[in-house]
Amino acid sequence: MTTRPSERTLTYAEDLRPEDVRALETFLDVQLGRVYEEVGETGETSFAMRSLLRLVCDSAGLLYTLLAVERPERWQRAAIVREWQRLRSTAHEFNHCEGYDRDRWWKQVRHFDASDETAEQDRIHRFADAGPYPESGE
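Quick note on numbering: the working numbering labels position 64 of the sequence shown as 1451, and the sequence is numbered without any gaps.
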């Protein structure tokens, strides 16, 4: 039995590297390719599979571009989280397949970094303290 080197764990989207995206994209290409081979070249399912493969490629391409930005703006940070979640949730459907390693790096990330997480928690607390409705004069 060979021992695998331990994989690093993602906590935030800022921890993502291009090689993480490449590994997840490759995994999805293999899994979706298997399904595509089963459904064949014609029919609606085939068209849907080709569309899904394009979406995976587009999400990965956007992630590569966004990860290259030195100081991403707020919308870019949000897009990194969203695109990673999109790829990750697509891969999650294949968690029973050979080649899937749930302890690997395609974990869910909810925030870009610790300050983003803190800001979100502060916003939630302010909303909870204020309540969703303005005070009435009754």
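Using N, Cα and C, we set each Cβ at its ideal position, and we do this for glycine too.
- Within the model, the alpha-carbon separation for GLN1463 versus ARG1469 is close to 10 Å.
- Uninterrupted alpha helix (DSSP H) stretches at least 4 residues long and entirely within the stretch 1398-1475 occur at 1405-1426 and 1431-1454, given in chain order.
- Of the candidates ASP1516, ALA1517 and GLU1401, the residue whose Cα lies closest to the Cα of GLU1457 is GLU1401.
- Taking the C-beta atoms as reference points, ALA1466 is found no nearer than 8 Å to LEU1474.
- In the three-state reduction of the DSSP assignment, ASP1516 falls in the helix class.
- Collapsing the DSSP output to three states places HIS1479 in a helix.
- The C-beta separation of HIS1512 from TYR1399 comes to about 20 Å, leaving the pair out of contact by the 8 Å criterion.
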